[in-house]
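The structure appears below as structure tokens.
Protein chains: 2
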Amino acid sequence: MKTIRILAVDDHEMSTMGYKFILEDTEFDDFKVFVDTAKTFDAAVEKIENSVNSFQYDILLLDIQLSQAVEGPAKTGEDIGIFARKVIPKTKIVFMSSFSDNYRINSILKTVDPEGYMVKTEIDQKSLQAMVLTVLNNPPYYTQKALAAIRKKMANDDIVLDEKDKKILHFLSIGTKTKDMVNHVSLSLPSIENRKRHLKSVFGVEKQNDQALITESRNRGFI
Amino acid sequence: MKTIRILAVDDHEMSTMGYKFILEDTEFDDFKVFVDTAKTFDAAVEKIENSVNSFQYDILLLDIQLSQAVEGPAKTGEDIGIFARKVIPKTKIVFMSSFSDNYRINSILKTVDPEGYMVKTEIDQKSLQAMVLTVLNNPPYYTQKALAAIRKKMANDDIVLDEKDKKILHFLSIGTKTKDMVNHVSLSLPSIENRKRHLKSVFGVEKQNDQALITESRNRGFI
DNA sequence: ATGAAACCTTATATATTCTATGGTTTTTAT
DNA sequence: ATAAAAACCATAGAATATATAAGGTTTCAT
Numbered sequence: 001m002k003t004i005r006i007l008a009v010d011d012h013e014m015s016t017m018g019y020k021f022i023l024e025d026t027e028f029d030d031f032k033v034f035v036d037t038a039k040t041f042d043a044a045v046e047k048i049e050n051s052v053n054s055f056q057y058d059i060l061l062l063d064i065q066l067s068q069a070v071e072g073p074a075k076t077g078e079d080i081g082i083f084a085r086k087v088i089p090k091t092k093i094v095f096m097s098s099f100s101d102n103y104r105i106n107s108i109l110k111t112v113d114p115e116g117y118m119v120k121t122e123i124d125q126k127s128l129q130a131m132v133l134t135v136l137n138n139p140p141y142y143t144q145k146a147l148a149a150i151r152k153k154m155a156n157d158d159i160v161l162d163e164k165d166k167k168i169l170h171f172l173s174i175g176t177k178t179k180d181m182v183n184h185v186s187l188s189l190p191s192i193e194n195r196k197r198h199l200k201s202v203f204g205v206e207k208q209n210d211q212a213l214i215t216e217s218r219n220r221g222f223i
Numbered sequence: 224m225k226t227i228r229i230l231a232v233d234d235h236e237m238s239t240m241g242y243k244f245i246l247e248d249t250e251f252d253d254f255k256v257f258v259d260t261a262k263t264f265d266a267a268v269e270k271i272e273n274s275v276n277s278f279q280y281d282i283l284l285l286d287i288q289l290s291q292a293v294e295g296p297a298k299t300g301e302d303i304g305i306f307a308r309k310v311i312p313k314t315k316i317v318f319m320s321s322f323s324d325n326y327r328i329n330s331i332l333k334t335v336d337p338e339g340y341m342v343k344t345e346i347d348q349k350s351l352q353a354m355v356l357t358v359l360n361n362p363p364y365y366t367q368k369a370l371a372a373i374r375k376k377m378a379n380d381d382i383v384l385d386e387k388d389k390k391i392l393h394f395l396s397i398g399t400k401t402k403d404m405v406n407h408v409s410l411s412l413p414s415i416e417n418r419k420r421h422l423k424s425v426f427g428v429e430k431q432n433d434q435a436l437i438t439e440s441r442n443r444g445f446i
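Protein chains in written order, with this note's numbering: chain A, 1 to 223; chain B, 224 to 446.
If you want it as structure tokens, here you go:
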């Protein structure tokens with residue numbers, strides 16, 4: 001019988017062990033599953049590299065946030081995904097993330113375009129099994145919370161914000177004063193005001209205060 | 224026991240009857256289902272209007288293409304959805320469509336943002352029942368083919384085309400010659416050439432012919 | 001009441017995009 | 001193989017949109 005090889009990457013050993021026990025104990029029709037695990041970015045990359053010229057994993061289960069071994073730029077599950085797409089493009093990638101916020105999901109769906117995205121609170125035995133089957137045969141597999149975020153994005157797909165708009169929204173959301181934004185956004189004060197006005201009109205909160213703008217951008221998944 | 228009221232709109236009576244028989248025969252835990260049907264745009268709108276000040280439907284099942292009663296601008300299920308969102312915003316809307324092309328799905332997801340989208344070839348008893356439950360309790364519900372289209376869109380979300388770009392791609396795909404496009408796009412010939420060049424660079428098919436551009440835009444779900 | 005920040009307006013400057021023109025290369029039909 | 005048609009490319013000037021500077025008004029907190 002065919003063996004499906006899975007590599008589960010998560011700094012919480014309990015998670016990877018959970019995936020391993022559940023999936024290896026499941027009786028699939030056409031195959032059995034073997035789950036390999038890795039706890040760090042480096043360990044995961046090494047296992048992937050070793051697999052390139054031999055068996056190659058069928059599925060990668062990636063947590064997004066991994067604890068850092070050394071100081072420096074954060075090495076996340078997203079980076080593992082980007083790396084894996086290059087060296088083993090045929091391997092299916094599924095993110096297992098505690099993040100259900102739109103911003104993060106949107107980012108992952110663009111940079112890696114994974115075959116699956118599961119929000120951790122929605123993972124259980126049944127969904128894990130369904131995920132494996134769907135990802136292998138007829139991707140993608142998204143859990144409900146991921147789907148809800150995706151739906152929001154699709155509904156607001158006509159609204160396009162450039163980097164400056166996003167920065168303005170971000171600084172606004174953390175309470176930065178408009179006049180202080182010139183230090184962060186590389187635009188003149190009137191331009192920033194102008195863009196804020198424009199954003200308010202785009203989000204349908206004309207003539208309302210900044211709080212309304214922040215709330216609405218959050219609702220639509222832009223912050 | 225609570226009754227869930229559904230209005231199914233489709234010009235093929237076989238479809239609406241199928242939904243009716245299956246759903247009314249299903250034993251749901253907390254409710255039973257009553258399915259009303261309509262075969263035309265006008266009949267559907269009338270039933271919706273009549274419901275506004277009385278029971279109000281819980282779910283609308285809408286086919287996109289409806290046969291035309293009179294000549295004139297096509298009145299589609301999409302229009303019914305837009306109308307329903309205005310007069311009965313709390314009613315859940317699900318499209319039951321033969322279209323699985325990206326363009327159509329993307330459009331619907333923006334204009335109506337329905338709680339569900341089912342591609343007809345994927346509809347069966349089980350999926351119908353799951354759809355009702357999901358849409359009522361935890362939307363959205365999309366079938367796999369719809370999901371595949373949505374995934375494509377999300378992965379290419381950074382590429383933004385305006386109306387003129389879309390027209391150029393469309394006319395290109397139906398074999399219109401570049402020089403003839405000036406009659407359709409309201410741009411000068413050099414501008415069209417320029418946009419084509421730009422599109423090719425955006426889609427990563429620089430220095431290749433138009434066929435490559437068309438193929439790539441199709442792959443990414445823009446045509 | 002007063003100062004600070006936010007908000008708005010107008011004129012000018014800057015940048016982007018479109019067009020017109022004229023050329024070169026590629027394709028197509030004979 | 002060759003001539004005509006279409007596609008492709010480059011440049012300069014026109015049109016459009018966006019940013020800035022300067023100055024005024026409104027709003028809010030103390």
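Glycine included, C-beta positions come from ideal geometry on N, C-alpha and C.
All figures in this text were calculated on a predicted structure; none of them were measured in a lab.
Cβ-based burial, residue i [other Cβ within 10 Å; buried from 16]
i: Val405(B); result: exposed
i: Phe278(B); result: exposed
i: Ala74(A); result: exposed
i: Lys423(B); result: buried
i: Asn325(B); result: buried
i: Asp302(B); result: buried
i: Leu246(B); result: buried
i: Ala372(B); result: buried
i: Ile415(B); result: buried
i: Ala353(B); result: exposed
i: Leu172(A); result: buried
i: Ile397(B); result: exposed
i: Ile305(B); result: exposed
Beta-carbon proximity list for residue i, same chain, < 6 Å, skipping 5 on both sides
i: Val205(A); result: Ala212, Leu213 and Glu216
i: Lys227(B); result: The identity of residue 227(B) in the sequence shown is Ile, whereas the question assumes Lys. Cβ neighbours of Ile227(B) beyond the five flanking positions: Phe254, Val256 and Asp281.
i: Thr239(B); result: Ala231, Asp233 and Thr260
i: Thr357(B); result: Tyr364
i: Glu272(B); result: none
i: Lys2(A); result: Phe31
C-beta neighbour in chain B for residue i, strict 8 Å
i: Ile10(A); result: Just to set this straight, residue 10(A) is Asp in the shown sequence, not Ile. No, no contact with chain B.
i: Asn138(A); result: yes
i: Gln144(A); result: yes
Contact check, residue i vs residue j, beta carbons under 8 Å
i: Ile391(B); j: Arg418(B); result: yes
i: Leu284(B); j: Val335(B); result: no
i: Asp157(A); j: Lys333(B); result: yes
i: Val275(B); j: Ile311(B); result: yes
i: Val317(B); j: Glu338(B); result: yes
i: Ala292(B); j: Asp265(B); result: yes
i: Asp286(B); j: Gly300(B); result: yes
i: Ile328(B); j: His393(B); result: no
i: Leu136(A); j: Lys92(A); result: yes
i: Lys389(B); j: Met154(A); result: no
i: Thr26(A); j: Leu66(A); result: no
Residues near residue i in its chain [Cβ-Cβ closer than 7 Å; skip 5 each side]
i: Val342(B); result: Ser320, Ser323, Thr366, Lys368 and Ala369
i: Tyr19(A); result: Ala8, Val35, Leu61 and Leu128
i: Gln348(B); result: Ile245
i: Lys270(B); result: Leu230, Asp259 and Ala261
CB contact check: residue i to chain A, cutoff 8 Å
i: Leu422(B); result: no
i: Leu370(B); result: yes
i: Gln348(B); result: no
Proximal residues to residue i (C-beta, below 8 Å), its chain only, five neighbours per side dropped
i: Thr399(B); result: His407
i: Phe426(B); result: Ile382, Leu436, Glu439, Ser440 and Arg443
i: Lys179(A); result: Leu189
i: Gln431(B); result: Lys423
What residues in the stretch 151-184 of chain A have a beta carbon less than 7 Å from any beta carbon of chain B? Arg151, Lys153, Met154, Ala155, Asp157, Asp158 and Val160
Which residues of the stretch 101-123 of chain A have a Cβ closer than 8 Å to any Cβ of chain B? Give them in chain order. Asn106, Leu109, Lys110 and Asp113
By the 7 Å beta-carbon criterion, what residues does the stretch 274-285 of chain B contribute toward chain A? none
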